[in-house]
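In what follows, a single structure is set out as structure tokens and then discussed.
Protein chains in written order, with our numbering: chain H, 1 to 258; chain S, 1 to 365.
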């Protein structure tokens, strides 16, 4: 299924870029965390980003919805360039869903209120309709029976699935995942990955920072390897895992695939 | 000895010494040598204090007589309170019209009681308060609907204390929140103004602010323009309390994790929505205990307005004691006033505990 999709995407490449990043740099103080990133993400493309900690992979995806500000180069999301224009930023954020390592659900709101907050306040959807959508996505992540509980009453895996459903309620065009399974107990990783695989099969554009190589192999169109603020290698999962080109990639893979 | 059945039996029934009244006493009062000594000392001290106090307050006391008769008894002379209760409570408010401040206070208590239920925290509550405030103002000031006009200089006693505290606290709280947000603002001007304000106000005692409001401030006003003295004291109390609330709220804001801001922002919520819907509800809840401490101390500090000659509850009480007939009965009078203050403070702290409990219901595991 993946190859066919890839061909489809390439055939209509001209105006189907969801994200375009051109020679983008970012510094934290004096630390040059991103050193000239060039990356184009097609609509419906799924990219997995991996690399050692501190390589800048989280920072890269956080620049895409401007949780971090880049200092040089350009980032264009869905045809809108990220600048200091706060209205544009808010518009892009509404279109880009983000799932965090630590879930970041709102602990003072029930699950269903967590899900309806964005649609009601950002999209101005009527409350009843927002709740209907919320229940639809809670069903989808197999957690509808928890709708009236608070986040603190759920397990980590359940919370992360709620977080995914919360992003989906905004009907995003692009989903960013920042190490979504890294804070989970091993037995809960699968339930979250399953939800992400479902999402992939529905054609969501996804950028996923993760070390779950099984997930990368089964759903990614491209795997990027980052180190020291640069994209060292980008390839199809087959090529990436079976025939890595760079020494650093080989070293990294030998360390995580044992 | 270590028969497994034996331990199972013990798990089923705790030893007799751990249950019932005797168990409780043993565990809480005599569970160590130090604790036993403290318990005995406390009992001894209570035995010395309580019976004489009860005898003074209730047995040897007189409840309704003249000051002269009072001097013959060894117990408390409560008639210093009962014979002067209307002056203590209402001060110089015209005697015949004292039902009006009484009614205003009852309306206020009714409003507070109604508002304490979170189910009533809806839009209509605002209208209820606006209406209530209008009626209370009308009752106090008069001049309409056949009520005789009463100058605000005659407002005194408990209504004045309540006026200064209720408005002082309700206005200081939102102002404090705004200042806390200002102090964390990304805009340098806003941030610096907030810092300067907070640090300047916290750098001076409330008494000096009250003096400034009473004496220095009017000097700067153009001739012919005067601002009501009560209003000036009111503003001083609001400005003072807000600075303290701001710092407590700032502590709550700093306790919020970066992730909450990021989650809210990544959905496209703007600054005000993020603050109002996500950050403040959590941050303000965290700081309920220190906030209530500030509100309680501000409530008590309203009694400092005596130094600028406003006749609040404490001042009316003092002036009763200045009357030769009642001179020397200050314990009784001050106990009465203390009880009124205590009722106010205790209900605030009780309500804050209730609110904390309700707001955290379900959130924690």
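Every residue gets a Cβ at the ideal spot worked out from N, C-alpha and C, and that includes glycine.
According to the DSSP assignment, residue 30 of chain H belongs to no alpha helix (DSSP H), since it is labelled neither H nor E.
Annotation: the continuous beta strand (DSSP E) that includes residue 98 of chain H extends over 96–99. DSSP, read as helix, strand or coil, puts residue 122 of chain S in coil. Per the C-alpha coordinates, the member of S:49, S:267, S:219, S:300 positioned closest to residue 164 of chain H is S:267.
Ranked by Cα distance from residue 37 of chain H, the first of H:108, H:129, H:71, H:44 is H:71. Using a 10 angstroms sphere on the CB of residue 172 of chain H, the tally of other CB atoms reaches 16 or more, which defines it as buried.
It is roughly 12 Å from the alpha-carbon of residue 355 of chain S to the alpha-carbon of residue 119 of chain S. At a cut-off of 8 Å, the C-beta of residue 67 of chain H has a neighbouring C-beta in chain S. Within the same chain, and ignoring the five residues on either side of residue 67 of chain H in sequence, the residues whose Cβ sits closer than 8 Å to its Cβ are 98. In the three-state reduction of the DSSP assignment, residue 161 of chain S falls in the helix class, which pools H, G and I. Between residue 299 of chain S and residue 344 of chain S, the C-beta spacing is below 8 Å. In this structure, residue 191 of chain H sits near residue 161 of chain H, with a CB-CB distance shorter than 8 Å. Unbroken alpha helix (DSSP H) stretches of 4 residues or longer found wholly inside the stretch 134–193 of chain H: 156–168, given in chain order.
For residue 255 of chain H, the secondary structure class from DSSP, reduced to helix, strand or coil, is helix. Following the DSSP letters along the chain, one finds residue 63 of chain H inside the alpha helix (DSSP H) bounded by residues 57–64. Excluding five sequence positions before and after residue 286 of chain S, the CB atoms of its chain that fall closer than 6 Å to its own CB belong to 252, 255, given in chain order.
Residue contact check for residue 135 of chain H against chain S: no CB pair falls below 8 Å.
Interface residue (Cβ-Cβ distance to chain S less than 8 Å): residue 107 of chain H is classified as such.
Beta-bridge analysis with DSSP links residue 25 of chain H to H:35, H:72. Linking residue 123 of chain H to residue 92 of chain H through their CA atoms gives a straight-line distance of about 12 Å.
The C-beta distance from residue 117 of chain H to residue 277 of chain S rounds to 6 Å, short enough to meet the 8 Å contact threshold. Counting C-beta pairs with one atom in each stretch, the stretch 207–226 of chain H and the stretch 125–143 of chain H have fewer than three that are closer than 8 Å, which means they do not touch.
Taking a C-beta distance under 8 Å as the contact criterion, residue 35 of chain H and residue 229 of chain H qualify as a contact pair. Classified as buried, residue 240 of chain S has 16 or more neighbouring CB atoms from the shown chains inside 10 Å of its CB. Closest option to residue 237 of chain H, judged by alpha-carbon separation, among H:195, H:246, H:217: H:217. Residue 115 of chain H is bridged by DSSP to nothing; it lacks a bridge partner.
The beta carbon of residue 304 of chain S sits closer than 7 Å to those of 206, 207, 210, all from its chain and outside the five residues before and after it, given in chain order. Residue 100 of chain H belongs to the set of residues whose beta carbon lies under 8 Å from a beta carbon in chain S. Counting along the chain, residue 230 of chain H sits inside the beta strand (DSSP E) bounded by residues 230–235. Measuring C-alpha to C-alpha distances from residue 288 of chain S to each of S:58, S:229, S:348 identifies S:348 as the nearest.
Against chain H, the CB of residue 266 of chain S has a partner CB under 8 Å away; the residue lies at that interface. Residue 17 of chain H has H:42 as its beta-bridge partners, per DSSP. Taking 8 Å as the CB threshold, residue 27 of chain H stays off the interface with chain S.
Judged by DSSP in its simplified three-state form, residue 78 of chain H adopts coil rather than helix or strand. Cβ atoms of residue 223 of chain H and residue 50 of chain H come within 8 Å of each other, at about 7 Å. Counting other Cβ atoms within 10 Å of its Cβ, residue 60 of chain S stays below 16 and is therefore classed as exposed.
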